[in-house]
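Undergrad: Okay, handing you the structure first.
Chains as they are written, first to last, in this note's numbering: chain A, 520 to 1096; chain B, 520 to 1096.
Here it is, written out as structure tokens:
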């Protein structure tokens, strides 16, 4: 079965049901979408439905479905169409705009005979509502939506539904949704005090609170060390630079809709950077490079700013300012294969370190608009293919999905709910080396154009941390946790001992808090659990006397006592897991 | 002796000498300046002097000085002045602009009797050139300068001189200057590959090269740990935010000339941030604060962008984009004294860690334009005074030098050449807490306005590193050095051993390079010395056999052999120094 046919037909049946329940309704449009469908309506004032009306509408839809109504396509003249839709101003507007003499419509049910509905529609649809499992769809929510998506137009009422082929698929989807809602990084980010979204600062410009900053620093520190051991050097570039850089790079021409407006300084135009590449090229070109220097690898946690429509912004996963774990590699064309191989291997290793185990790998090939010659594209694409084959990775082709300057390999990670997130990208570029005249001196003393590889492993820290929060539902692994353990003294007289434990662990480099507030023990434990702290160390009379602590492990509760002197060792072991 | 009188008189004598040597000269103006004087001239084309002409001019000045000419003030009418200066267009322009009936002039030498010179001048001057030590001044350079400093005006020729009371002072000054030139952080920055200034990126927007990034990271890592141990929490804020934030903070009103133009995003204006304060306030206000939470301390390495005229930009010490080691402390008014005391003590400790030993401390009091009431100012200023007194620090008052929102303590550090650099600032603010309504709940459950302290210890990383480079002439202490040691194998057969040594030290966390290039040993040693690497570890036959390295210490040369197994211990010890 074509799932889109099912969803689109359910959109018609929704409209059909609404027509029965609200005869004065005006119809907008109703397409199939990911996981379901929607339909836009203009309800008479005072009749606008509320969430509690959805079951009633769903019931009416099921009545219609049980009638086993057929969906029939019919081509009619504009004049006839205007007659049929004479009371439907939005449909009339669409009819006016349609080109061609004949207008395609779909009728469901029998005209003039019981329940029926007709819509302007190209189809396709199911043959009959017989094909629909009554328990495989559900209306989910009501929202406002501008007619044609334009703010100057009237706000209509959009009713959303989800639909699948089987009841099982629907219930799985709804369960995942419920779990995803609990894990929503925007809610957890607030609850765990990781980051702020503040309307007065601006949408899509998160501020990292202290705990979020530690989480982020843990990730950065790990990558910093890891990349140094892989032969990268780190650099830091400014957040603004002359517009001309972006003209040379080609971004001003091909990427301008994502860039902010220029800032004028003493008659010269500067841009807030949408990417770091031109600055990295400048550092590379600060001296002459020989084949002996290649490959050169520069990495930066580069914070870039790109325009996104406010409607598309979402927590940390879709923002206007974000920090890429960016790097560029310049190598000879002979080195390309070896470098991409290393990148892919090390990239997967790093993603695994963060707890991701399943990946989908894509090879994106030449798009319609491209720079460079076909032979170059062929060669680069073949290199990427070879790498994927030799590493024995499962991958699929994304035809035409490459960047204008070259083909790429993308890695999507699968989170604990099975959702896919685009993270790693490895892009081979033969365009910028030409535009910026990036060369090295070969063995014969001649200038050669170098290959440039752009790559981000996590993608952006913001997005990756957003995904991490949802993947772990905020219960981060020990090495990433902003607070790794909290010492909880049972009473006043245990505070000194608690503080001593805290100080010793902090001195060993662990992130420890000591909770001396005047609260009950159970309240302190509950708070620690809500904050998803990996270990709670309880110290009372017994522990003080025996020089131990009672250990509570996140998700496991009380796991018994441990000698204070062995705590550090235990935590060091935990770090290595 | 009033040194300015001496310098100003020398400016006249310079003009006097030029008049003798170039009779067709047109005079601009010639004031005393820091360390000396200058005079602006319009030379007839083809007569423009070159640096090699300076000794000739100096000789003529000395001839004039030996005549023991007197400086005499004379008030004359505008009409007479115009007659005297009839061939001097710049002087005529100045006469036109002068208000009042009488015009003040200074004559040196006797009119119509041997050598003489007359100038429009308010004085004061020396009585006679007798007072000048012939060996205590020197002409130093020739530069272009627009008439009245305006680009639309004619470019004149400016001759600079330096002058002191005694020959000794002059020679000390010249020696320091020479040393300072060798230590110029712009030259060393390039030579040691620390940072780039690239015209195509934009003036005042340095890019940190790999070695500069390590230097900067060493400083940041140290401050990060140090401030955590002092109870700070770290946050990260975006580089742009809604204009309205800066209106609320008062910066849009009082600081606009240092801010860049707004960026429009979906009809809303955003600013690239000139400071971090409003973002820090937002994090503070993300939850209700009680007196038990105070003080709250947030720190950030916040990169800000401020407008500076391109003519004033200078390497790293005056830039348009810089990273403040910024922090804000919110406390109750009772805690202010204690917090400022801690700040000052810890601030001095941190500056000493970087090798600075001499400081000048200033208490800056209420400026003419100020916010808040007099009693509040009095109280805050008294607190700062008390802190300075109780810490038994030497300090001086900078009357009216405070910020509009409160008084401050500034620390200037003295570098190895005795030059002073403004670094630390500790500012008490009772203005922003009012504007942003920053409160906490006191013991009685009532809202109280909190005190806000702004502070930067190093000032900005860029500026501080610029000073560090000059202070150490690029020979950074071991803990800060981008490369701490370089292993140099004498020949091919020692490379394996060299790499092993390098790997072991790197594993222990040291920053080590292994130099395997095919160069002579002496060349490799020379390169290492030019790069100012603290230790060079030479390994040849002898060392390979004995499992040792020959150690060369920066500035000391060969300091003998050491067991390879003891290297790590030696370096760890070096770190603790």
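Just so it is clear, CB atoms sit at the ideal spot from N, CA and C, and this is done for glycine as well.
Which residue wins for smallest C-alpha separation from residue 565/B, given the options 551/B, 543/B, 1076/B?
TA: 543/B
Undergrad: Along chain B, which residues have their Cβ under 8 Å away from the Cβ of residue 758/A?
TA: 758, 791, 822, 824, 840
Undergrad: My understanding is that residue 1056/B touches residue 1002/B, with C-beta atoms under 8 Å, so please give their C-beta distance in whole angstroms.
TA: Residue 1056/B to residue 1002/B, Cβ: 12 Å. No contact.
Undergrad: What does residue 724/B touch in chain A if you count any residue whose Cβ is under 7 Å from its own?
TA: 757, 759, 760
Undergrad: For residue 732/B, return the contacting residues in chain A, with the cut-off set at a CB-CB distance below 8 Å.
TA: Simply 752, 753, 754, 755.
Undergrad: Using a Cβ cut-off of 8 Å (strictly closer), state whether residue 774/B contacts chain A.
TA: no
Undergrad: Quick check on DSSP: helix, strand or coil for residue 1027/B?
TA: coil
Undergrad: Any beta-carbon of chain A closer than 8 Å to the one on residue 729/B?
TA: Residue 729/B counts as touching chain A.
Undergrad: At 7 Å on the CB atoms, spell out the chain B contacts of residue 802/A, in chain order.
TA: 715, 726, 728
Undergrad: Could you tell me whether the segment 908 to 922 of chain B touches the segment 879 to 890 of chain B, where touching means 3 or more Cβ pairs closer than 8 Å?
TA: yes
Undergrad: Cβ atoms of residue 865/A and residue 962/A: under 8 Å apart, would you say?
TA: no
Undergrad: Nearest-angstrom Cα distance between residue 903/B and residue 756/B?
TA: 30 Å
Undergrad: Tell me, which residues are paired with residue 829/A by DSSP?
TA: According to DSSP, residue 829/A bridges with nothing at all.
Undergrad: Please state the DSSP three-state secondary structure of residue 1040/B.
TA: helix
Undergrad: Over what stretch of residues does the beta strand (DSSP E) that includes residue 583/A continue unbroken?
TA: Unbroken run through residue 583/A is the alpha helix (DSSP H), 573 to 585; no beta strand (DSSP E).
Undergrad: Compute the distance between the beta-carbons of residue 768/B and residue 951/B, then report whether it is under 8 Å.
TA: In contact: residue 768/B and residue 951/B (Cβ atoms closer than 8 Å).
Undergrad: In the DSSP assignment, what residue or residues form a beta bridge with residue 628/A?
TA: 635/A
Undergrad: Would you call the CB atoms of residue 549/B and residue 531/B closer than 8 Å?
TA: yes
Undergrad: In chain B, which residues lie less than 9 Å from residue 763/A when you measure between Cβ atoms?
TA: For residue 763/A, the residues of chain B that pass the 9 Å Cβ criterion are 719, in the order they occur in the chain.
Undergrad: Using only alpha-carbon positions, find the residue among 812/B, 822/B, 784/B that is nearest to residue 795/B.
TA: 822/B
Undergrad: Give me, in chain order, the residues of the same chain whose beta-carbon lies closer than 7 Å to that of residue 760/A; leave out the 5 immediate sequence neighbours on both sides.
TA: 789, 790, 792, 797, 798
Undergrad: Is it the case that the segment 889 to 909 of chain A contacts the segment 1015 to 1024 of chain A, given that we only count it when at least three CB pairs across the two stretches are under 8 Å?
TA: no
Undergrad: Can you pull the chain B neighbours of residue 785/A, defined as C-beta to C-beta under 7 Å?
TA: 829
Undergrad: Rounding to the nearest angstrom, what Cα-Cα distance links residue 983/B and residue 766/A in this structure?
TA: 34 Å
Undergrad: Leaving out five residues on either side along the sequence, give the residues of the same chain with a beta carbon under 6 Å from the beta carbon of residue 1024/A.
TA: 1031
Undergrad: Thinking residue 970/B and residue 782/A are a contact (beta carbons under 8 Å), I'd like their distance in whole angstroms, please.
TA: Incorrect: roughly 35 Å between the Cβ atoms, too far for contact.
Undergrad: Spell out whether any CB of chain B is found under 8 Å from the CB atom of residue 837/A.
TA: no
Undergrad: Does the beta carbon of residue 810/B sit closer than 8 Å to a beta carbon anywhere in chain A?
TA: no
Undergrad: Where does the unbroken alpha helix (DSSP H) through residue 535/B begin, and where does it stop?
TA: 522 to 540
Undergrad: Would the segment 832 to 845 of chain A count as touching the segment 703 to 722 of chain A if we require 3 or more Cβ pairs under 8 Å?
TA: Contact check between the segment 832 to 845 of chain A and the segment 703 to 722 of chain A: three or more CB pairs, one atom from each, fall below 8 Å, which counts as touching.
Undergrad: Compute the beta-carbon to beta-carbon distance between residue 601/B and residue 584/B, rounded to the nearest angstrom, for a pair I have assumed lies under 8 Å.
TA: About 30 Å separates the two Cβ atoms, so there is no contact after all.
Undergrad: What span of residues does the alpha helix (DSSP H) with residue 781/B cover, start to end?
TA: That residue, residue 781/B, is in no alpha helix (DSSP H); it is neither H nor E in DSSP.
Undergrad: Quick one: Cα of residue 874/B to Cα of residue 1093/B, how far?
TA: 15 Å
Undergrad: List, in chain order, every chain B residue whose beta-carbon is nearer than 7 Å to that of residue 488/A.
TA: The structure shown does not extend to residue 488/A, since chain A spans only 520 to 1096, so no value can be given for it.
Undergrad: Residue 982/B touches chain A at which residues, Cβ-Cβ below 7 Å?
TA: Result: empty, since nearest Cβ-Cβ is about 15 Å, beyond 7 Å.
Undergrad: Between the Cα of residue 957/B and those of 943/B, 946/B, 540/B, 972/B, spot the shortest distance and give me the residue it belongs to.
TA: 972/B
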